[in-house]
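Anchor point for the sequence shown: position 135 equals 277 in my numbering, and the numbering is continuous, going up by one each time.
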Amino acid sequence: MVQKMDGVKKVNVLYLSYDGLTDPLGQSQVLPYLEGLSKKGYAFTIVSFEKKEKLAKEGALIRQLTDRANITWAPLSFTTKPPVLSKIYDRHRMWRTALSLHKKNQYQLIHCRSYVSAEVGLRLKKKFGVKMLFDMRGFWADEKIDNGQWNLTNPLYRAIYKHYKQKEKEFLLNADGIVSLTKAAKDYLLKKPEYSHLKIEVIPCCADLDHFDYRKISDEKKTALRIQLGMPSTAKVVTYVGSFGGWYMSKEMFLFVKQVQNRNSTYFFLFLTKDDPEKVKQEAVNAGLDASKLRIQYVPRQKIPGYLALSDFSLFFIRNTFSKTASSPTKHAELMGMGVPVICNTIGDTGHVISATQTGLLVDRFDEPTLLSAIDQISQVEKIDKVHIRQCAIGLFDLQTGVQKYLSLYKNIIATSHTTHPSVIHA
């Protein structure tokens with residue numbers, strides 16, 4: 143079915159996400175793309191699963207954003223208990239909701255964000271012949287193993303893992319389009335004989351580079367923030383932005399910052415996170431950091447650029463497991479947009495990005511000699527031109543480029559006749 147909005151025909155698209163729009167990634171990696179695509183002739187309905195506390199806090203804002211973009215939002219509650227059964231229940235609710243919406247709106251495309259959504263999308267494709275885009279986001283089942291959520295010694299989790307790896311194969315072979323966050327993951331898949339014929343579009347986690355733009359942060363603003371944070375004008379600043387723990391190697395990060403401060407005592411560590419500041423502080427102090435030069439702050443997304451503008455450099459270290467081959471850290475795009483040099487390890491495409499653009503430094507081992515060697519290079523890292531870093535960000539991670547890639551993909555999928563194999567034109 144084609145809708146008319148403001149006198150313009152719109153193509154109906156159902157966007158399925160087991161993540162919430164009230165989650166940080168929903169606000170940075172779902173809504174901005176769909177807002178852009180809605181201006182290009184697509185009428186979206188979003189089915190997402192929202193955590194109760196986040197919906198209460200952010201729901202009104204998200205509703206304003208979706209209404210402004212003429213996007214229909216159908217939030218469902220995210221179920222956490224009991225384990226496993228709650229996910230089966232949620233998947234069933236997604237299916238019933240999607241089925242009801244499709245009967246009403248006759249969607250021409252189902253955009254499936256990750257695996258749980260793809261299960262529902264594939265059922266709709268088989269039942270109604272509607273086109274399906276499998277937006278992988280990562281090797282989801284392998285992430286569950288790598289992060290310890292699914293223990294393969296447990297027969298139940300072993301069966302679930304086997305189920306989803308089989309489903310992964312079905313999604314890849316039956317989708318009308320496939321998106322991977324990284325070239326590394328695409329290359330891995332295409333080396334497998336059963337997938338060698340697939341056409342896979344690489345669209346990394348992009349950033350709104352109009353928002354993350356160092357040129358919009360005045361010297362007066364930076365001075366005011368330093369005063370607010372209690373950091374001298376002469377202090378150097380290393381930043382981290384994002385979650386604490388989990389995939390992020392906090393122990394190694396604190397060890398690195400400690401060595402940096404041992405070398406140059408003027409460095410402050412600015413840690414921007416939504417997580418418990420006391421937990422962050424305790425682990426940092428236990429690692430030997432000077433608490434008087436540690437600043438832990440929650441900053442809403444709209445204000446983050448001002449704080450990142452204080453950075454001499456920023457860092458993140460992510461556990462390098464198989465599943466992280468498909469990982470694209472949003473923070474990397476945002477930091478580069480701010481002209482901030484990045485020190486990180488190799489996961490997904492980060493190693494290629496840093497090496498090809500010369501916009502930071504790679505640290506892939508965490509023994510003392512390696513860390514000290516990296517610290518010897520920090521003065522050179524800090525001299526990397528902001529203009530160069532931002533230009534590289536525009537070339538690699540600009541949100542509008544991401545929107546255009548999805549637009550090309552949508553047009554191609556909808557234009558092609560039904561086929562068992564994906565048909566995707568690379569943007």
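Backbone N, C-alpha and C fix where the C-beta goes; we use that ideal spot for every residue, glycine too.
Where the beta strand (DSSP E) through residue i begins and ends
i    : result
A202 : Where A202 is concerned, there is no enclosing beta strand (DSSP E), although the alpha helix (DSSP H) it sits in stretches over 194-210.
T570 : There is simply no residue 570 to check, as the chain begins at 143 and stops at 569 in what is shown.
L227 : Unbroken run through L227 is the alpha helix (DSSP H), 227-247; no beta strand (DSSP E).
I252 : 251-255
S456 : 455-458
G388 : Run containing G388: none; DSSP gives neither H nor E here.
D277 : 273-277
F411 : 409-414
G430 : First-last for G430: undefined, no H or E at that position.
T214 : 214-219
L503 : 502-504
V484 : 484-486
C-beta atoms of residue i and residue j nearer than 8 Å
i    : j    : result
G168 : K193 : no
G481 : R532 : yes
F539 : M478 : yes
F398 : A426 : no
S385 : S259 : no
F276 : I320 : yes
S180 : N154 : no
I548 : Y175 : Note that residue 548 is Tyr in the sequence shown here, rather than Ile. It is a contact, given that the beta carbons lie within the stated cut-off.
K580 : Q250 : As shown, the chain starts at 143 and ends at 569. That puts residue 580 outside it, with no answer to give.
K435 : Y409 : yes
R265 : W237 : yes
Y257 : W292 : no
A468 : A301 : no
G388 : N289 : yes
D209 : S465 : no
K196 : T164 : yes
L156 : T187 : yes
F313 : Y390 : no
K152 : A185 : yes
8 Å contact criterion, which residue i and residue j should meet: CB distance rounded
i    : j    : result
T324 : S470 : 6 Å
T239 : V172 : Contact doesn't hold; Cβ gap of about 17 Å is too wide.
L351 : L452 : About 19 Å separates the two Cβ atoms, so there is no contact after all.
Through-space distance from residue j to residue i, alpha-carbon basis
i    : j    : result
S170 : I359 : 20 Å
R437 : F413 : 6 Å
L243 : K445 : 37 Å
T400 : C348 : The sequence given here has Lys at residue 400, not Thr. Rounded to whole angstroms, K400 to C348 spans 31 Å at the Cα level.
K311 : Q424 : 44 Å
Y382 : D432 : 16 Å
C486 : G502 : 8 Å
T488 : E200 : 34 Å
K629 : S407 : Residue 629 lies beyond the range of the chain shown here (143 to 569); nothing can be said about it.
V226 : Y306 : 13 Å
Q439 : R461 : 24 Å
A516 : G490 : 21 Å
I567 : I556 : Residue confidence for I567 is low, a pLDDT of 32 falling below 50, so the modelled location carries little weight and cannot support an answer.
F455 : R357 : 17 Å
Y231 : P483 : 44 Å
K363 : P217 : 38 Å
A475 : L504 : 16 Å
P419 : L315 : 45 Å
K518 : L371 : Position check: residue 518 holds Asp in this sequence, whereas Lys was assumed. Spanning the two alpha carbons is a distance of roughly 28 Å.
G149 : D506 : In this prediction, G149 has a pLDDT of 48, which is less than 50 and means its spatial position is unreliable; what the coordinates show is noted afterwards. C-alpha separation (whole angstroms): 55 Å.
E177 : K245 : 24 Å
T561 : C254 : With a pLDDT of only 46 at T561, under 50, the local geometry of the prediction cannot be trusted, and no value is derived from it.
H353 : I369 : 23 Å
P511 : L457 : 18 Å
E343 : K286 : 24 Å
T558 : Q500 : 40 Å
D417 : K473 : 16 Å
T543 : S322 : 15 Å
T295 : Y303 : 11 Å
Where the alpha helix (DSSP H) through residue i begins and ends
i    : result
F398 : 392-405
L176 : 173-180
R300 : 297-316
K378 : Careful: K378 lies outside any alpha helix (DSSP H), inside the beta strand (DSSP E) at 378-383.
A535 : 528-539
M478 : 472-479
Q370 : 361-371
V523 : 520-523
D284 : 282-288
H494 : 492-499
Residue i Cβ short of 7 Å to the ligand NAD heavy atom set
i    : result
R357 : Among the components of this structure there are no ligands whatsoever, and the ligand NAD is therefore not found.
Beta carbon proximity, residue i to chain E, threshold 8 Å
i    : result
T492 : Looking for chain E here will not work: only one protein chain is present.
May I ask you to verify whether the stretch 479-498 touches the stretch 362-379, counting CB pairs closer than 8 Å and requiring at least 3? no
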